[in-house]
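Below is one structure; the comments refer to it alone.
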Amino acid sequence: MKLRYGWGVVGGIVGLLVLCLLGRRLFVLQAMSYEVLGCRACVVPNVLASDVPYWAVVVALFVVSFGRRGWLWRGVWRGVALLGVALYAADMWVMSQFSTRLMLADIRVYTADTAQALALVLQWPLLHQLLVVGGLVLGAALWWWPVSEPISRRGIVLCGIALAGLGGGAWAYTPPGYVHEWALKNVVQANWPTGLAAPYSHATQERLLAERPPEQCWAGRDQRDHVVMLVLESWSTYHSQAWLGVNDWTPRLDAWAAQGRQFETLYAGGFNTNEGLFSLLTGRDVVLPILPAHQQGAFEGAWGIENSLPAQLGKQGYQTTFMTSGNLAYTRKGEWLSQLGFEALWGHDAPAFDGVERGHFGAVPDDVLYSSALAHITRLRQDHAASLTVIENVSSHHPYVHPYSGERSEEAVFRYMDKAAGEFIDQLAASGFLEEGTLVVVSDHRAMTFVTAEEQARFGLGAVSRIPGFMLGRGVEPGKVTLPFHQADIMPTLLRQQGERVCLHGPLRDGLDVAASEPRCMMHARGDQRDRVNVYCPEGKGTIKVMGDDSYFVNNEGLESGRRQQLLDALARQRLALEP
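Okay, here's the thing in structure tokens:
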């Protein structure tokens, strides 16, 4: 039998491909299940219940494509089917690498710069690149394969009945509950429209404006010196002996934290770098735009903020600089930072980095970045009375590749990150900076890896948002801070330290004056389920399902009805940009 008559051969290839991809997804999710629950097989029923209907539809599209001759019929049906295969494979890769799902919003944001996205792909391991090329070749072959002897109508009907029975049976099955249900849905379910685009009514907006807490002001310490904020990519509690005690990959940072003001309970505002910078630089917990995923762009909901940290300090005469070794054009980060109020921006194309070998995002190694930052800070101390310098490293960004040895190891990368950051702080201390300035060292977000069993047991709902952070310098009293703080509280802490007064529409939050700080509820926008926001209060915690006026708590521990409504209103104000 000639191959062009052998639609059964193509069917066999498709079937084998389905089994391989489904098996790989089960393997990835079993690893996550074992980390959290100590059980590998727990996820199997749930994955089959969600994925079998998906694959039944994909295979049905392939079957229909063999029902007639002609390239148009074949091309349309198989094209849609192959798109389903590609989405499944891409979603599985994103899950294995970043512990989140392939989302339409992310595709729009991270592929807007096609050249940069392609550059990142070219930095993948050779095996991964070969798999992509092989997949494209196989997909093209399956799409092109001609049909000279179509499947009979009877054959199509029988296949349809079998696939409908298989998919329908799996759909009707109710699997047991699972702590990471978001990970077990198929890629279509994961991207199904949620409540993020649901609007708030005019009546709700009017009520929230009328009930907005009044502005209160507190006297500041008017220190007016040089402030350095070191934002460390993906630094997490499980990397640190001081914060969780599981691994000892950041001993130098831990040692400096012990000499400074260590925040034992510190929450990140979101799950990625942009959201972490948003909280740190604007003093707001979360950014959650009221838009469908496919309409969201880079830094959606974060533009047009006038009272940011660099803007407020800039008005007081501070020289404001943002330094990173990454590409500031990617996701329009440089444009956003400039609008936020930074006077000077350093990115991957800074002249000081010319001739240095690059890693992912076109970034130079951290130690090269810190060498330039140290020289810049020295000039600022000589030429200006006060300054703000925010430094964002890149070397510890996923994928974890050591910038010099090329070793692909999370431990090796974070040990390098720790060494480079530790030496940078050593040099700052040797220059006398800590006697006349302030240093903030903080993570941007928890690493995009599976939550460990130790984190789950220790932090519970907070496991996805807990990060390390500490402060050093003039006027910084050493010791451990047990009161929970948020990335967003760093901004009022610095404004009160540096200025004559600080004015807020909420309670006073000052990491350097815990006695004067009032407890508050804090929020974290989740990366696994984009329409969920975790809240952490002194008396309890919970998770909000975002749906505009109909937002509600999907789980709650210790939060009374009145408090829950306050939290729903507070989230709505942030989303509607009603907070000044």
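In terms of this note's numbering, the sequence shown is residues 15 to 594. Using N, Cα and C, we set each Cβ at its ideal position, and we do this for glycine too.
- CA-CA distance, S248 to H216, rounds to 39 Å.
- A contact is defined here as three or more CB-CB pairs under 8 Å, and the stretch 281 to 294 fails this definition with respect to the stretch 362 to 371.
- For N548, the enclosing beta strand (DSSP E) has its first and last residue at R546 to Y550.
- In this structure, the beta-carbon distance from D545 to K559 falls below 8 Å.
- Counting C-beta pairs with one atom in each stretch, the stretch 323 to 343 and the stretch 384 to 404 have three or more that are closer than 8 Å, which means they touch.
- With fewer than 16 other beta carbons inside 10 angstroms of its own, G446 counts as exposed.
- Where H142 is concerned, the enclosing alpha helix (DSSP H) starts and stops at L140 to W158.
- Note that the stretch 490 to 497 touches the stretch 275 to 286; at least 3 beta-carbon pairs, one per stretch, sit closer than 8 Å.
- The C-beta of F313 has 16 or more other C-beta atoms within 10 Å across all chains shown, which makes the residue buried.
- Counting every other CB atom within 10 Å of its CB across the protein chains shown gives T188 a total below 16, marking it as exposed.
- In this structure, the CA atom of M431 is about 21 Å from the CA atom of D363.
- For I170, the three-state secondary structure derived from DSSP is helix.
- Using a Cβ distance threshold of 8 Å, T114 and Y252 do not count as a contacting pair.
- Take the alpha-carbon of V123 and the one of A307: they are about 10 Å apart.
- E406: not part of any alpha helix (DSSP H); member of the beta strand (DSSP E) spanning S401 to E406, first to last residue.
- Counting C-beta atoms within 10 angstroms of its own C-beta, C231 has fewer than 16 neighbours from the protein chains shown and is therefore classed as exposed.
- G451 counts as buried, since at least 16 other C-beta atoms from the protein chains shown sit within 10 angstroms of its C-beta.
- When C-alpha distances from C56 are compared across A45, D65 and V66, the shortest belongs to A45.
- Here D236 is exposed, its C-beta having fewer than 16 other C-beta atoms within 10 Å.
- DSSP places K199 outside any alpha helix (DSSP H), giving it a letter other than H or E.
- Contact between V427 and A377 does not hold, since their C-beta atoms are separated by about 13 Å, which reaches or exceeds 8 Å.
- When secondary structure is reduced to three states using DSSP, F447 falls in the helix class.
- Annotated three-state conformation of N261 is coil, per DSSP.
- Here E571 is exposed, its C-beta having fewer than 16 other C-beta atoms within 10 Å.
- Residue H374 holds the alpha-carbon nearest to the alpha-carbon of Y344 among H416, L75, H374 and I405.
- Boundaries of the alpha helix (DSSP H) harbouring H390: D380 to D397, taken from the DSSP string.
- Of all C-beta pairs linking the stretch 176 to 187 to the stretch 523 to 533, fewer than three are shorter than 8 Å, placing the two stretches out of contact.
- The C-alpha of A282 lies about 11 Å from the C-alpha of A477.
- The C-beta separation of G525 from D503 comes to about 6 Å, placing the pair in contact by the 8 Å criterion.
- Within 10 angstroms of the beta-carbon of C34 lie fewer than 16 other beta-carbons, which makes it exposed.
- Going by C-alpha positions, P207 is about 28 Å away from L573.
- With fewer than 16 neighbouring CB atoms inside 10 Å of its own CB, H519 falls in the exposed class.
- Residue pairing of G483 in beta bridges, as defined by DSSP: V456.
- Using a Cβ distance threshold of 8 Å, A400 and G355 do not count as a contacting pair.
- If the five residues before and after G89 are omitted, its C-beta is found closer than 7 Å to the C-beta atoms of W157, all from its own chain and listed in chain order.
- No Cβ-Cβ contact shorter than 8 Å links H411 with S479.
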